[in-house]
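Heads up: the protein sequence lines correspond to chains A and B, in order. For reference, each letter of the first sequence is one residue, going 1 to 79 in UniProt numbering. For reference, each letter of the second sequence is one residue, going 1 to 79 in UniProt numbering. Down below is the structure, laid out as structure tokens.
Number of protein chains: 2
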Amino acid sequence: MKARVHVMLKDGVLDPQGQAVAHALGALGFEGVGDVRQGKVIDLELHETDTEAARAKVREMCEKLLANTVIERYDIEIG
Amino acid sequence: MKARVHVMLKDGVLDPQGQAVAHALGALGFEGVGDVRQGKVIDLELHETDTEAARAKVREMCEKLLANTVIERYDIEIG
Chain A
1 MKARVHVMLK DGVLDPQGQA VAHALGALGF EGVGDVRQGK VIDLELHETD
51 TEAARAKVRE MCEKLLANTV IERYDIEIG
Chain B
1 MKARVHVMLK DGVLDPQGQA VAHALGALGF EGVGDVRQGK VIDLELHETD
51 TEAARAKVRE MCEKLLANTV IERYDIEIG
């Protein structure tokens, strides 16, 4: 079973990487670009075959390792 | 209009970050974890209102800045 996790900075937390990308896009001549936010995407292959068990396991992975839940939020896609 | 870009290493390209995550998950006692791949997710706010024009613009952003197309592939979600 495959899982995809997105880890993004919470709204309101300064995103220097996103700002750097926005600045660079402007310097390259791209107009009409507003806010840019950059985060992590993590694709996992799990031997688990039950969807809800897999979701619970990935949530635990996020809480323990994949996300710094003080400043980051995450979302999980299973399958 | 919002766009989301995923930038991942191409298959076959060594992913040390993904390996480090897999190793750390194992050390934390998570079993049944196979391959782990980590990439970037970039959320963009665009003033563009036409979907195809926005897709073309984001594709150009990927080719010029957001992805190193020698070793990375990208996908674009619009809206």
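Even for Gly, the Cβ is constructed at its ideal location relative to N, Cα and C. Remember, predicted model here, so these are calculated numbers, not experimental data.
Rounded to a whole number of angstroms, what is the C-alpha to C-alpha distance between residue i and residue j?
i               : j               : result
Glu72 (chain B) : Lys40 (chain B) : 10 Å
Arg4 (chain B)  : Val70 (chain A) : 23 Å
Phe30 (chain A) : Lys2 (chain B)  : 15 Å
Gln38 (chain A) : Ala24 (chain B) : 23 Å
Glu48 (chain B) : Asn68 (chain B) : 25 Å
Cys62 (chain A) : Glu60 (chain B) : 33 Å
Ile76 (chain B) : Pro16 (chain B) : 24 Å
Asp50 (chain B) : Glu52 (chain A) : 38 Å
Ile78 (chain A) : Ala27 (chain B) : 23 Å
Does residue i have its Cβ less than 9 Å from a Cβ in chain A?
i               : result
Val13 (chain B) : no
Ala67 (chain B) : no
Would you mind telling me which residues of chain B sit closer than 7 Å to residue i, beta carbon to beta carbon, in chain order?
i               : result
Gly32 (chain A) : Leu46, His47, Glu48
Gly39 (chain A) : Val41
Consider the C-beta atom of residue i and the heavy atoms of the ligand SAH; say whether any pair is separated by less than 8 Å.
i               : result
Val70 (chain A) : In the structure on display, the ligand SAH does not appear, and there are no ligands present to speak of.
Alpha helix (DSSP H) containing residue i: first to last residue?
i               : result
Lys57 (chain B) : 51-61
Return no unless some Cβ of chain B is closer than 9 Å to the Cβ of residue i.
i               : result
Lys10 (chain A) : no
Glu60 (chain A) : yes
Gln19 (chain A) : no
Arg55 (chain A) : no
Arg73 (chain A) : no
Tell whether a beta-carbon distance below 9 Å holds between residue i and residue j.
i               : j               : result
Val21 (chain A) : Leu66 (chain B) : yes
Lys64 (chain A) : Leu46 (chain A) : no
Leu44 (chain B) : Gly34 (chain A) : yes
Gln19 (chain A) : Val7 (chain A)  : no
May I ask which residues mark the beginning and end of the beta strand (DSSP E) holding residue i?
i               : result
Gly34 (chain B) : 33-46
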